Each structure stands twice: as C-alpha cells, then as structure tokens.
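Going down the list, the protein sequences come from chains C and L.
Counting from 7, one number per residue, gives the positions in the first sequence under the numbering used here.
Counting from 470, one number per residue, gives the positions in the second sequence under the numbering used here.
For reference, the structure is listed below as structure tokens.
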Amino acid sequence: MLTYIARRLAGSIPIILGITMISFAIIHLVPGKPTSAESALNPKVSLQVRERIEKLYGLDKPIHVQYLEWTRRLLKLDFGRSFSDGRPVIEKITERLPVTVGINVLSMFFIFIVAIPLGVKSARSSGSWFDTSATFFVFLFFAAPTFWVALLLMQLFCITLGWLPISGITSLDFEYFTFSQKVIDIVRHLALPVFVSCITGLAAVSRYMRTSMREALQQPYIYTARAKGLPERTVLYKHAFRNAILPIITILGLSIPGLIGGSVIFESIFALPGIGRLFYEAVMMRDYPLIMAEVVLGALLTMAGNLIADIGYAYVDPRIRYAKKVS
Amino acid sequence: MLKISNLHVHFDLDGTIVKALCGVTLGVNLKETLVVAGESGSGKTVTALAVTRLLPAAARVTSGEIYFNGKNLLLLEEDALRKVRGKEIAYIFQEPGSFLNPVYMVGDQIMESFLLHQGLPRVEAFAETLRLLELVKIKDSRRVFFNYPHQLSGGMNQRVGIAMSLACRPKLLIADEPTTALDVTTETQILDLLCELKSSFGFSLLFITHNLSIARRIADRICVMYKGQVVEEADAERIFCSPQHFHTKELIHAYQTIGTQ
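This is the structure:
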C-alpha cells in the first residue's frame with residue numbers, strides 16, 4: 007500500500023507541472039497587466055515609470071523565463087510576494103484558510119451526515135411519500151440560487167427575528183470575550199453560511215446514495231442476508247451499504263479541492279474573509295504570484311482527493327484491493 | 470413438517486398483474502427430500518422464497534397458508550419470522566458467487582449466523598465456523614475463512630453457501646438449484662456432500678431443480694410444477710415409471726434425450 011501511494015505521488019509531479027504551465031500561460035494571455043491597475047488610468051505615471059515597475063517585478067522578461075524563475079522558487083517552497091501589497095503570498099493565504107476550510111469541512115460533514123441516511127431511507131421506501139417529498143426538497147434546494155436563499159435567510163433570521171448576526175465571522179467586541187463566549191460567537195456567525203452551503207450540496211450526495219443503494223438492495227446477496235434472519239437494519243447498513251458507498255467516496259474525493267475553493271458570491275454576501283474573495287481580488291489585480299499559489303494549492307488538493315478516493319475504494323471493496331496487488 | 474396449501478402469489482409489475490403461483494399445495498415430511506421440478510418460470514423459486522416471506526416487494530401473497538411445525542408463517546410477526554429464517558429454515562441459492570456478499574470475508578458471513586442466532590462469543594463463533602468449513606470438505610479452512618468470494622471457485626463458494634445455511638442446524642433446508650451454475654464434476658461433489666450432510670444433520674430438504682437426473686438421484690418424492698401449479702406429486706420411482714401429466718413426460722423425455730446423446 008505504501009509503495010502504491012509513493013508511486014501515485016511521484017506520478018502526480020508531471021501533472022502538477024502541466025497544470026502550472028497551462029495556468030501560467032493563461033493568466034499571462036489575459037488582457038491587462040499587474041502594472042495597469044495602478045498606472046493605466048493615472049496619466050501622471052509615465053512610460054518610464056511603468057517600465058521600471060515591470061522590471062522590478064520581472065515582467066519584462068519573456069514568459070518562459072518568468073515561468074522557469076517561478077518554478078525554481080517553487081522548488082524552494084517560495085511562492086513569492088503579492089504584487090498588490092508586497093506581503094508573502096503564503097501569509098495572505100494562510101490567514102484566509104481557516105475560515106474557508108472551516109466552513110467547507112463543517113458543511114461537508116453535515117451534508118454527509120444528513121444526505122446518506124436520507125438516501126438510504128429513500129432507497130428502501132422508493133416511491134413512497136417520504137421518497138417523493140425528499141426528492142422534491144433536495145432538488146428545490148439544489149435549484150434555488152445560493153445568493154437568493156442566503157438573502158432570504160438573512161432577512162428572516164438576522165433582521166426580522168434578530169437571532170443571528172448578519173455578517174462577518176466575529177463580533178466587534180470579540181477580543182474581550184471569554185473562551186466559551188468566543189466559541190458561541192463564532193458558531194452564531196457561521197450558522198447561516200454553513201447551512202446555506204449545506205442545502206445546495208444535499209441533492210448530489212443523497213441522490214447518488216439512493217441510486218446505488220437501490221441497486222445494492224436488488225443484489226442476490228441481500229436475499230442471503232435476509233434469509234439468514236438478519237434484522238433489516240443490519241441488512242441495510244452492513245450488507246447493502248458497503249456495496250453502495252463507492253460513488254459517495256468519489257464525491258468525497260472530488261469535493262476535497264473544493265475545501266479551499268470557497269465561493270466569491272457566498273463569501274461576499276456574508277462578508278467572510280475567505281479564499282474565494284482573495285482569489286477573485288488576485289485575478290482582478292493580475293496578482294500573478296497569488297493566483298499561481300492558489301492554482302498550485304488547488305492542483306495539490308485535487309491530486310490528494312483522487313488518491314484518497316482510490317485508497318477509500320480499496321479499503322471498502324476487496325475486489326479492487328486484490329486486483330491492484332496483481333498488477 | 471412444512472405444509473403449503475393453495476398458495477397464490479401475484480406480481481404487480483407497474484400495474485400489470487402477473488400470476489406467478491395459482492394454488493400451490495405441497496408438503497415436506499420430516500427428514501424427507503422433496504424435489505420440486507419444473508421448467509423455468511413455473512414458480513419453483515417463488516414458492517421457495519414465499520416460505521419465509523423473502524419475496525421481492527412487488528410480489529403479494531393473495532391467498533393460501535404456509536404452516537411450518539404448526540406455525541402459520543404468513544401470519545407470523547416480523548421478529549418471530551426472523552428467528553425462523555436461518556435458524557429453522559435455511560436457504561442455498563443458485564449462483565453461489567453472487568449470493569455471497571462481495572465485500573465481506575466468507576468466514577465473516579458464516580460467522581454472522583452464530584453471532585445472530587446463538588449469541589456465541591466471537592472466539593467460539595470463529596472456531597465453530599472453521600469446524601463447519603471442514604464439515605463441508607474445505608481442507609484449508611483457515612485460509613478460506615479469510616478469503617473473499619471472488620477469490621474462490623464456484624464450487625468452493627457453494628460449499629461456503631452450504632456451510633452458511635447449516636450454521637444453526639436448521640430443520641428444513643431449501644436448496645434452489647444449487648448446482649445449476651456449476652460444472653458436472655462439481656455438481657456431483659456438491660450433491661454427494663448434501664446427501665451426506667443430510668444424514669448427519671438430519672434436516673428435511675426441499676430441492677428445486679429443472680434437471681430430472683438430479684431429482685432421480687436424490688429425491689424421496691417429486692413435485693412437478695407447471696405454470697404456477699403443482700401438476701403431479703408422487704414418490705420418485707412412480708414419477709419415472711408412470712408419469713401422468715404431459716409436462717412430467719416432457720421433462721423425463723428431455724432428460725432421456727440428453728442421456729442418450
């Protein structure tokens with residue numbers, strides 16, 4: 007297993023290089039330069055000044071030289087400094103990371119906690135009123151635009167009822183709170199964002215669970231399990247579930263890069279200092295080092311997600327495990 | 470011991486009613502081997518599954534009674550029925566490979582019965598499982614215990630299936646074409662094994678097949694089913710000497726034609 011993981015990790019290096027190469031090329035193809043944001047609209051900035059700035063950032067060199075220099079720094083784990091404020095890129099990302107990752111981990115957790123039993127129950131009683139109404143609601147949530155749902159909920163809980171704070175992740179006087187008050191404060195701030203990002207994600211997981219569970223329940227070994235006299239819960243959650251879980255592992259693997267993705271719209275509505283907005287601002291400013299750092303991070307997490315999904319498969323299904331040993 | 474009388478089962482397939490069984494009546498006596506023979510679709514498997522109410526959701530028992538040792542299985546509550554399943558009436562199915570769960574070790578799947586019905590501690594259940602695997606003539610029982618179904622041959626899987634069904638020493642074993650998916654040599658071995666186990670364990674056997682040569686080899690009595698009904702029932706010898714119903718004659722003819730080829 008360890009050699010398998012090592013081989014996979016080694017194999018992912020060229021893929022990451024490829025991703026960075028293409029992203030590097032694309033962001034340089036986009037019209038506008040980092041310098042244009044601060045100089046193009048300002049007639050006082052002369053051509054010489056602009057050239058001097060470009061030289062300072064190394065933007066006067068040909069693109070492949072720039073890429074090689076960037077890669078060389080990357081090997082030393084140096085992501086460079088942000089063009090916009092000169093702070094190290096790593097620092098800017100790590101200060102934003104906890105909010106985004108926190109929200110996404112929480113919402114993923116709740117999605118799986120709710121959607122899996124929902125899918126199982128729907129599968130067992132497919133066609134019943136429970137199944138039909140579950141289908142109706144998960145698709146309703148799925149189809150409703152996030153920003154609209156978010157605004158409605160904010161109107162209800164933050165303004166009309168006044169139960170929850172409307173934006174940000176902490177209150178103004180957060181510094182003076184005791185530890186338990188701090189926890190409660192953060193929970194109150196995160197409640198709506200986490201809830202909103204959950205309900206849109208419910209549909210995919212619960213639907214996949216329902217479909218694969220229905221399929222598993224029709225398999226012959228389910229007859230064997232029932233014929234043995236096992237209680238229905240064991241039949242469902244032991245014999246059918248483990249066979250039905252593979253697609254869910256795929257979704258889990260695919261959602262790992264999404265952990266840092268965040269959503270610009272979403273973070274803007276709730277005024278959350280997350281990665282999504284940072285990335286958006288970086289793109290608007292043509293802040294190349296910051297954009298590239300996020301691309302690399304995303305690529306790494308995608309690889310990690312795939313690897314985790316494959317390991318998960320092997321863990322759940324012995325047929326995959328043993329097939330790999332042979333090859 | 471088992472008495473099925475006038476059993477009607479209908480399937481509701483998206484509004485179309487299909488009558489799978491139209492008044493099946495048959496009985497299995499203590500320690501007897503009853504072979505239910507008939508062509509595909511004659512209702513053999515449906516009858517077998519109906520005994521412990523394992524039919525798929527689309528099937529409905531519309532009338533009839535199934536008595537097992539004085540209990541009406543069709544009226545039994547779910548909890549009580551679960552104590553009959555596996556413990557008193559056990560099954561062996563047709564495709565040994567697909568009737569075992571692919572993601573659990575075969576040993577675990579056998580052990581499940583011990584843990585469930587007899588409440589044995591795990592160590593004892595493990596020992597019992599190994600003993601059972603040896604009873605069905607699996608030599609390296611320790612290795613097989615930790616194997617998954619896809620690592621074993623069809624014959625081995627069917628031995629595992631038999632071991633699983635015998636775990637709780639059931640009074641009635643229902644074998645639904647247990648050798649159809651196997652090659653002829655393995656078939657013989659499995660049949661011999663079943664007969665041997667039957668005399669040592671002392672269960673009654675309800676054996677379903679479309680193959681009369683198997684029926685002749687093991688049956689005390691034979692029931693011939695045709696289009697959801699039992700059309701002929703008699704001692705094994707009588708069926709072969711003087712078949713009454715035309716379908717019985719067809720089955721015998723089919724098996725003789727193959728025999729002479």
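Cβ atoms here follow ideal geometry from the backbone N, Cα and C, with glycine treated the same way.
Since the structure is predicted, the reported quantities are computational estimates derived from the model, not experimental observations.
- Our two residues, residue 167/C and residue 313/C, have alpha carbons roughly 45 Å apart in a direct line.
- A distance below 7 Å between beta-carbons, with the five flanking residues on each side excluded, links residue 677/L to the following residues of its chain, in chain order: 505, 513, 514, 517, 644, 645 and 646.
- Taking C-alpha positions only, residue 649/L is separated from residue 511/L by approximately 16 Å.
- Two segments are said to touch when three or more pairs of C-beta atoms, one from each, lie closer than 8 Å; by this definition the segment 613-630 of chain L does not touch the segment 269-288 of chain C.
- Going by C-alpha positions, residue 575/L is about 28 Å away from residue 683/L.
- Chain C has no Cβ within less than 8 Å of the Cβ of residue 471/L.
- Contact annotation: residue 479/L and residue 487/L have beta-carbon atoms nearer than 8 Å.
- Three or more Cβ pairs closer than 8 Å define a contact, and the segment 494-501 of chain L falls short of that threshold against the segment 584-601 of chain L.
- Residue 548/L and residue 210/C have their C-alpha atoms spaced approximately 35 Å apart.
- Closest in C-alpha terms to residue 704/L, from the list 615/L, 724/L, 713/L and 691/L, comes 691/L.
- A straight-line Cα-Cα distance of about 40 Å links residue 540/L and residue 139/C.
- One thing to note: residue 701/L has its Cβ within 8 Å of the Cβ of residue 714/L.
- Between residue 585/L and chain C, the shortest Cβ-Cβ separation is below 8 Å.
- Listed along chain L are 551, each with a C-beta nearer than 8 Å to that of residue 237/C.
- By a beta-carbon distance limit of 8 Å, residue 145/C does not contact residue 206/C. Their separation comes to about 11 Å.
- If you check the CB distance, residue 37/C and residue 63/C do not come in under 8 Å.
- Within the same chain, 624, 627, 628, 631, 647, 648 and 651 come within 8 Å of residue 659/L by CB-CB distance, once the 5 residues on both sides are set aside.
- Secondary structure of residue 476/L (DSSP, three-state): strand.
- Residues 102, 106, 266 and 268 of the same chain have their beta carbon placed closer than 6 Å to that of residue 281/C, with the five preceding and five following residues left out of the count.
- DSSP places residue 79/C inside the alpha helix (DSSP H), whose first and last residues are 69-81.
- Straight across, the Cα-Cα distance linking residue 315/C with residue 11/C is about 12 Å.
- Among the residues of the segment 568-582 of chain L, those with a Cβ less than 9 Å away from any Cβ of chain C are 568, 569, 570, 571, 572, 573, 574, 578, 581 and 582, in the order of the chain.
- Against chain L, the CB of residue 323/C has a partner CB under 8 Å away; the residue lies at that interface.
- Straight-line measurement puts the Cα of residue 550/L at about 30 Å from the Cα of residue 603/L.
- Sequence-ordered contacts of the segment 619-634 of chain L with chain C read 619, 620, 630, 633 and 634 [C-beta pairs closer than 9 Å].
- In chain order, 567, 568, 569, 570 and 571 make up the part of chain L whose C-beta sits under 8 Å from the C-beta of residue 227/C.
- For residue 61/C, the enclosing alpha helix (DSSP H) starts and ends at 53-63.
- Under the Cβ distance rule, residue 554/L counts among the residues neighbouring chain C, one pair being separated by less than 8 Å.
- In this structure the segment 186-199 of chain C does not touch the segment 288-298 of chain C; the number of beta carbon pairs closer than 8 Å is below three.
- Counting along the chain, the unbroken beta strand (DSSP E) around residue 558/L starts and ends at 558-561.
- Per DSSP, reduced to three states, the secondary structure at residue 689/L is coil, with no helix or strand assignment.
- Between residue 542/L and the set 719/L, 471/L and 566/L, the nearest pair of CA atoms involves 471/L.
- The C-alpha of residue 216/C lies about 8 Å from the C-alpha of residue 127/C.
- At a cut-off of 8 Å between beta carbons, residue 328/C contacts chain L.
- For residue 256/C, not one C-beta of chain L is nearer than 8 Å to its own C-beta.
- Boundaries of the beta strand (DSSP E) around residue 493/L: 485-497.
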